[in-house]
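Counting the sequence shown from 1 gives a position; this note's numbering is that position plus 1.
Each residue gets a CB set at the ideal place from its N, CA and C atoms; glycine is no exception.
As structure tokens, the structure follows; a few thoughts come after it.
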Amino acid sequence: MQVGRKLKVNGDNLLAIEFDRQQYSETLYDRNQLALLTVRYDSLGHPLSWQPTQNVTSVTLEYDRFGRLVRWERGQLSEKYSFDIRGRLADVRYADGSGIMYKYDDGPISVPTEIILPSGSRYILQYDVSGSLQAVITPNGHKHEIATQTSIGFYKLLYLAPGVGHPYVLHYNDRGQLLAKFFPKNKGRVVYTYTDEGRLESILCGPERTDFYYHNSTALIKSITKNVPGLDFRVDYRHHGSLLKEERHRYNSRSGLDGAKFRYQYDPRLSSVEVEINGKSTITTRYRYNSESGTLEQVQQFLVHRPKLNSIFIQDEARQYSKTIGTDTYGRLVVLAITLWNKEIFSLSLQYNNRSRIKHVHTKIGKDHASHTTNYTYTVDGFLEEVSGAQSWRFIYDINGNMKSLWEGPRQISLRHDDGDRLIGYGDVELYLVDVRGFIVQRGEEKFKFNAMSQLVHAFELHQYEVQYVYDAQNRLIARKDHRGNITQFIYADLQRPNAITHMHYPKDSLTFVLIYDTLGHLIYMQQGNNKFYVACDHLGSPVAVFSSEGTIIKEIQRNPYGKVTYDSNPEFFLPVDFQGGLRDPVTQLIHFGGRVYDALGVQWLTPNWESMPTLLQKPYDIHLYRFHGNDPINPAQADGGHLNDLPAWMAALGYDMRRVLVAPQTRCPPDTRVGAPVPEAVPVISGLSCMADIVQAEFYRFSTVPKTAVKLDSSSFQRHINSRVSNLPSVLGDGILLSRGEAHRAAVHVVSESSPILRDVMVAIFNDTLMVDVHFSLHGQDSFFFVQPQLSKAEEDWVQLGRLGTMFNITKHVVESEGVGGPRGQVDIRMHSTSVVLNIRYGTSLQEERHRLMRHARRRAVDDAWTQELELVRNGHKGSNDWTKVEREELMATGMVARYFGTDVHDIEKYPELADDPSNVAFRKENSRKRRGKTRRTRLKPDA
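What follows is the structure, encoded as structure tokens:
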């Protein structure tokens with residue numbers, strides 16, 4: 002007996018799947034009822050094999066008597082899993098004989114306490130009593146600590162990096178949305194605000210601000226505005242239903258950037274994009290997608306043919322140019338070849354080892370040039386070790402995986418790293434300098450400035466160059482300006498590949514280059530007016546040659562394996578797309594990947610991706626935040642390791658990618674601000690009908706006919722991730738205490754029976770009758786909250802009550818004199834300190850007075866910190882936030898501030914009180930003497946008024 006399902010697209014059968022109950026097998030058919038794939042199961046529903054009929058290598062699985070996966074095999078690739086006597090994963094062994102071992106402590110919690118890499122490097126994992134991960138110690142002893150904590154009104158994630166005295170902190174709400182991001186020592190923050198519907202409304206980052214506006218009652222973005230120093234721009238979106246129809250980019254007149262308008266047309270998928278720049282030139286790019294499978298069939302003049310499953314043939318309409326892309330039976334790229342005027346001008350072939358890593362590359366560039374072979378070898382941990390061929394390199398790593406020396410031919414260069422695994426010493430030179438945020442802000446005499454979004458905004462070298470960078474709300478580089486007044490705009494108009502540069506524009510010269518990519522996302526063609534250029538890229542999308550329309554080489558580029566340019570035949574010809582598809586700056590040679598910057602000289606990122614820590618903990622040996630591609634720049638990263646362990650993955654391998662088959666509306670979305678840390682789940686309120694609808698919908702989209710059971714192999718089982726649940730610190734108030742702000746700002750304390758009876762009684766007695774100020778501050782991971790008790794007489798009574806807490810909190814009392822109507826009056830401050838919270842109660846004042854006082858003090862502290870940070874920047878040779886004159890710089894160095902300059906708020910702290918103590922929200926303005934005298938006069942007259 003057989004049961005099955007059919008997938009229809011636009012009324013026609015595309016795929017069908019049938020399950021044979023006698024054979025325990027499931028077969029996938031195409032529209033002509035030809036079998037594509039057969040999946041065989043055991044009696045428990047475990048898949049035993051995936052056997053395709055086409056030219057794709059099959060997968061077989063083996064299980065032990067407990068139903069655990071013990072072997073995965075696909076051709077020459079294999080993984081073998083071993084378990085200890087208690088059923089815990091002990092070893093993962095690969096086809097080359099290397100393996101990863103897991104060690105455990107004796108105890109009730111079955112989580113690994115040690116991971117040993119094939120080289121013997123050991124990563125020690127430390128847990129709390131509940132088995133949640135709280136620290137990872139790398140092989141050389143560097144400790145990464147991470148924890149979550151419930152505060153008053155928000156959750157927070159704290160990450161303490163090695164060599165840093167204070168934590169990085171994320172605040173997030175119960176939806177998992179970021180509220181704020183704090184860097185160590187108050188050196189920068191980002192604040193996020195949301196609408197009542199939970200949609201991102203604003204991002205505030207130092208002097209920068211981004212606002213999102215939505216169409217009424219929908220999640221479709223209507224417009225985005227962004228303000229950065231010296232530049233204001235706005236993007237407006239028009240939709241047809243949920244389809245994006247038009248977007249318009251506008252810039253302020255002083256920016257020097259040209260506005261642009263994109264028009265999108267559909268039939269029914271995207272058929273053309275019309276780009277109009279500065280209201281003058283209009284450039285149209287045509288697209289055609291298969292109406293059923295959703296695969297690309299045409300882009301501009303290039304037609305895409307798929308004669309076989311393992312081959313893609315791209316040809317222009319005039320049949321002058323062609324490109325062949327070939328893959329092997331594992332889906333790996335093995336052939337790239339470009340032909341122009343019936344002559345092969347570029348070819349590249351690849352061979353792989355039994356770990357699916359590239360071992361040989363044969364390359365030929367130009368019509369008459371000879372091909373050359375490059376060989377690659379790797380360490381047992383998978384790091385690139387040696388490259389031999391026309392050029393040779395060798396890399397040596399320490400126990401932590403940091404590159405400690407490299408050989409360029411016969412020349413050896415020693416490298417030195419600090420406690421954070423950052424390269425600081427290159428040869429005999431201390432080349433790099435790191436600030437307290439962990440950002441690499443100096444390379445030799447070059448200085449780099451980053452905002453709190455970790456974006457490089459300014460780079461300069463005294464008397465050499467100066468470059469400024471501008472990013473959009475999607476974290477993409479959209480413009481660069483240099484010291485000579487040159488401006489380059491980068492335009493992104495491909496909805497399928499939103500991070501691909503489609504146009505490069507020079508506003509001063511009114512020149513626009515169009516960039517076209519192939520199905521791999523590799524650049525193949527550039528055009529400016531009647532000038533046409535063909536681009537040859539390697540297997541990772543790094544351009545290696547540019548050809549004219551006649552086939553002559555215009556530019557040839559050679560790089561070392563980590564992307565440093567070793568030869569450029571035509572440096573004057575600027576090619577924006579560079580190493581692995583990144584955007585190389587022609588002056589700094591830094592490579593931009595979205596908003597993050599990679600330095601090919603130092604083989605490291607310039608900023609840490611610490612926000613991704615909860616995700617990185619799934620594989621603790623990937624915890625090195627500055628390391629580029631895990632020390633393997635040769636092989637593309639595979640999200641699932643290429644296991645092909647579920648039906649959707651196999652359908653994509655056979656040419657039926659469901660993400661393309663099912664047409665999704667092309668929309669612009671705000672940045673994803675969900676935090677990677679687990680959010681405590683609340684019990685949902687859901688109707689039975691809604692619950693049933695969710696189940697039916699999930700089942701409808703699941704193509705397989707085999708029921709999903711608790712014993713069936715889950716896709717994540719192949720990853721062998723450790724338990725990456727992050728340790729949760731006790732609540733800032735102690736267990737069982739809930740403090741909230743109710744109506745009229747009145748604080749309310751709720752307790753549960755498990756809480757400490759003394760703590761419960763004291764907290765209820767003291768806080769239940771107070772008013773909670775809607776202002777809180779965070780510094781070094783410690784949160785400060787403020788309360789008002791109008792009755793001064795309660796201070797002594799509460800002081801006695803607080804004495805019962807013993808060492809739970811450090812309690813202090815301060816008697817203060819405060820100016821008020823009718824003269825000075827006494828007030829009392831009682832503060833409760835712990836490592837994670839400060840609770841401040843002021844007696845004998847009003848809510849408004851206390852809020853005003855807190856804001857005034859916070860702002861004063863922010864201005865003082867801003868001067869301190871400005872002094873530090875200038876002392877280290879940076880520009881600072883202002884263009885100080887020589888005399889002003891000397892005064893700043895001598896006195897710590899500049900006379901006649903005062904600090905002003907960039908963003909309104911009354912509207913955004915979380916910025917009141919933020920020094921990056923302070924801008925220095927020069928006093929106008931006339932205005933200053935008037936201001937002083939008004940201040941003097943104020944009390945009489």
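Range of the contiguous beta strand (DSSP E) that encloses residue i
i, result
"E557", "I554 to R560"
"I339", "L334 to L341"
"D569", "V566 to D569"
"E27", "S26 to Y30"
"M454", "Unbroken run through M454: none, as it is neither H nor E."
"Q413", "R412 to H418"
"Y627", "That residue, Y627, is in no beta strand (DSSP E); it is neither H nor E in DSSP."
"C538", "N532 to C538"
"A327", "A quick correction: the sequence has Gly, not Ala, at residue 327. Run containing G327: Y322 to T328, per the beta strand (DSSP E) assignment."
"C206", "L201 to C206"
C-beta atoms of residue i and residue j nearer than 8 angstroms
i, j, result
"L45", "G68", "yes"
"Q413", "T567", "no"
"S688", "T380", "no"
"K81", "R89", "no"
"V829", "V839", "no"
"H644", "W73", "yes"
"L793", "Y844", "yes"
"L760", "L806", "yes"
"R270", "E247", "no"
"E612", "L159", "no"
"Y950", "Y124", "No answer is possible for residue 950: the residues shown for the chain start at 2 and end at 946."
Residue i to residue j span [Cα, whole Å]
i, j, result
"S849", "Y913", "It should be noted that the sequence gives Gln, not Ser, for residue 849. Answer to the nearest angstrom: the Cα atoms are 16 angstroms apart."
"S348", "S389", "19 angstroms"
"D495", "L516", "11 angstroms"
"M773", "S83", "57 angstroms"
"D420", "G164", "5 angstroms"
"I147", "Y128", "11 angstroms"
"H370", "I555", "15 angstroms"
"S717", "S79", "Confidence in S717 is poor, its pLDDT being 43 and thus under 50, which makes the residue's placement too unreliable to answer from."
"S455", "N476", "10 angstroms"
"R235", "L740", "41 angstroms"
"N841", "R395", "59 angstroms"
"L304", "F580", "26 angstroms"
"K104", "A91", "7 angstroms"
"V697", "N14", "22 angstroms"
"L521", "G260", "30 angstroms"
"T886", "G677", "45 angstroms"
"N56", "Y25", "24 angstroms"
"D909", "I346", "60 angstroms"
"K360", "E387", "10 angstroms"
"G383", "V733", "43 angstroms"
"D317", "S323", "7 angstroms"
"D21", "Q639", "33 angstroms"
Host alpha helix (DSSP H) of residue i (start-end)
i, result
"A494", "Segment: none, A494 is in no alpha helix (DSSP H) and carries neither H nor E."
"R356", "R356 -> no alpha helix (DSSP H), and no H or E assigned at all."
"W611", "W611 -> no alpha helix (DSSP H), and no H or E assigned at all."
"T869", "L848 to R876"
"M773", "Where M773 is concerned, there is no enclosing alpha helix (DSSP H), although the beta strand (DSSP E) it sits in stretches over L772 to L780."
"P758", "P758 to F768"
Proximity test, residue i beta-carbon vs the ligand ADP heavy atom, cut-off 7 angstroms
i, result
"L793", "Absence of the ligand ADP is noted for the structure shown, with no ligands found whatsoever."
- prompt: Touching or not, the region 51 to 62 and the region 335 to 355, by the rule of three or more beta carbon pairs under 8 angstroms?
  reply: As far as the Cβ criterion goes, the region 51 to 62 does not touch the region 335 to 355, which means the pair count is below three.
query: Of all the alpha helix (DSSP H) runs that stay within the bounds of the region 70 to 103, which reach a length of 4 or more residues?
result: Counting only runs of 4 or more, we get nothing.
query: What are the complete alpha helix (DSSP H) segments, minimum 4 residues, inside the region 881 to 905?
result: Within the region 881 to 905, the complete alpha helix (DSSP H) runs of at least 4 residues fall at 887 to 896.
- prompt: What are the uninterrupted segments assigned as beta strand (DSSP E) that are 3 or more residues long and contained completely in the region 213 to 280, given in chain order?
  reply: Within the region 213 to 280, the beta strand (DSSP E) runs of at least 3 residues that lie entirely inside it are, in chain order, 222 to 229, 232 to 241, 244 to 252, 261 to 267 and 271 to 278.
message: Would the region 181 to 188 count as touching the region 643 to 662 if we require 3 or more Cβ pairs under 8 angstroms?
response: The region 181 to 188 vs the region 643 to 662: no contact.
query: Between the region 889 to 907 and the region 463 to 472, do three or more beta carbon pairs fall short of 8 angstroms?
result: As far as the Cβ criterion goes, the region 889 to 907 does not touch the region 463 to 472, which means the pair count is below three.
query: Using 8 angstroms as the Cβ pair cut-off and three pairs as the minimum, do the region 425 to 434 and the region 846 to 860 touch?
result: Three or more Cβ pairs closer than 8 angstroms define a contact, and the region 425 to 434 falls short of that threshold against the region 846 to 860.
- prompt: When the Cβ atoms of the region 585 to 604 are set against those of the region 558 to 566, are three or more pairs found closer than 8 angstroms?
  reply: These segments touch.
query: Is the region 447 to 463 touching the region 865 to 879 in the sense that three or more CB pairs, one from each, lie closer than 8 angstroms?
result: Cβ pair count under 8 angstroms is three or more, so yes.
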